[in-house]
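Following: one structure in structure tokens, then a few remarks.
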């Protein structure tokens, strides 16, 4: 069979490198023999340049995000503390309780946003070790067991056993965001499917829901930080997923049909 695609090879010194390989069967008519023609192109340098460009795209944004989170954290703590003191010393009518609760709720929203910005800017360098991806998925799903039950969401699993070099914490974090997004799309219950399978030189982890779907006009902006279709959302979670996948030399894909559902796919290189 013919093959055309990216692979990872090993040099004599045991170092690995990316190559683009074309392999095609041919027939040598003069000798009446079947042969295989193999063409290899070393693309390791191109891969390094591509990764460097992706990292540089985030550099300024990460610095800004980190600075914003740092500058907001201390004032938030002070505001919360002084607000509680004022409430205890000045409360005189029942309506003050409503004002107090309103301030508390919104302070907590800002605190959650600061935490998300902090998490986005502080994503660690991956620590790649051999991991069972099926095990990572199962451990992550346990964290959301109560959500599935409370929202009456039916969970379907199709997990192919696969071992690859990955960072368990980062993969679990990215998967959790996709599960939470899917649950948000199923406020009245529904079906959520998680599947994983290998394809050529890639390994694909998919999260599918049969919820409301995504408006086509919003699709190009899904992974932009602070873009959100939710009234109280910041949109930074999916940007964090993209950043995680970039750090793992992978990517994230999404397909959606309005009114029928959405599928997010985490795509990892097998090597």
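Residue numbers (the working numbering): 169 to 439. Ideal Cβ placement from N, Cα and C applies to all residues, glycine included.
Between the Cα of residue i and those of the options, spot the shortest distance and give me the residue it belongs to.
| i | options | result |
| --- | --- | --- |
| residue 375 | 274, 325, 193, 256 | 325 |
| residue 404 | 300, 257, 286 | 286 |
| residue 437 | 427, 417, 295, 428 | 417 |
| residue 413 | 272, 378, 346, 382 | 346 |
| residue 329 | 310, 299, 321 | 299 |
| residue 245 | 276, 334, 195 | 276 |
| residue 304 | 179, 340, 259 | 340 |
| residue 174 | 186, 239, 384, 386 | 186 |
| residue 243 | 263, 196, 278, 212 | 278 |
| residue 323 | 176, 372, 360 | 360 |
| residue 284 | 236, 362, 336, 385 | 236 |
| residue 393 | 344, 385, 239, 406 | 406 |
If residue i sits next to residue j, beta carbons under 8 angstroms apart, how far is it from one beta carbon to the other, in whole angstroms?
| i | j | result |
| --- | --- | --- |
| residue 191 | residue 204 | 6 angstroms |
| residue 319 | residue 351 | 6 angstroms |
| residue 364 | residue 293 | No, residue 364 and residue 293 are not in contact; Cβ-Cβ is about 24 angstroms, not under 8 angstroms. |
| residue 421 | residue 409 | About 11 angstroms; that fails the 8 angstroms criterion. |
| residue 383 | residue 430 | Their Cβ separation, rounded to whole angstroms, is 11 angstroms, which puts residue 383 and residue 430 out of contact at 8 angstroms. |
| residue 342 | residue 379 | Contact flag wrong, Cβ pair sits at about 19 angstroms. |
| residue 427 | residue 358 | Not really, about 12 angstroms apart at Cβ, beyond 8 angstroms. |
For the beta strand (DSSP E) containing residue i, list its first residue and its last residue.
| i | result |
| --- | --- |
| residue 170 | Residue 170 -> no beta strand (DSSP E), and no H or E assigned at all. |
| residue 372 | 370-377 |
| residue 203 | 201-210 |
| residue 390 | Careful: residue 390 lies outside any beta strand (DSSP E) and carries neither H nor E. |
| residue 437 | 429-437 |
| residue 424 | 419-425 |
Return helix, strand or coil for residue i, following the three-state DSSP convention.
| i | result |
| --- | --- |
| residue 413 | helix |
| residue 193 | strand |
| residue 408 | helix |
| residue 236 | helix |
| residue 399 | Note that residue 399 has pLDDT 49, beneath the 50 cutoff, so the model's placement of it is unreliable and no number is given. |
Within the continuous alpha helix (DSSP H) that includes residue i, where are the two ends?
| i | result |
| --- | --- |
| residue 179 | Here residue 179 belongs to no alpha helix (DSSP H), and DSSP marks it neither H nor E. |
| residue 306 | 301-310 |
Subject >> Contained alpha helix (DSSP H) runs [length at least 4] in the region 317-362, N- to C-terminal order >> reply: 336-352
Subject >> Complete beta strand (DSSP E) runs within the region 244-305 (minimum length 3 residues, chain order) >> reply: 297-300
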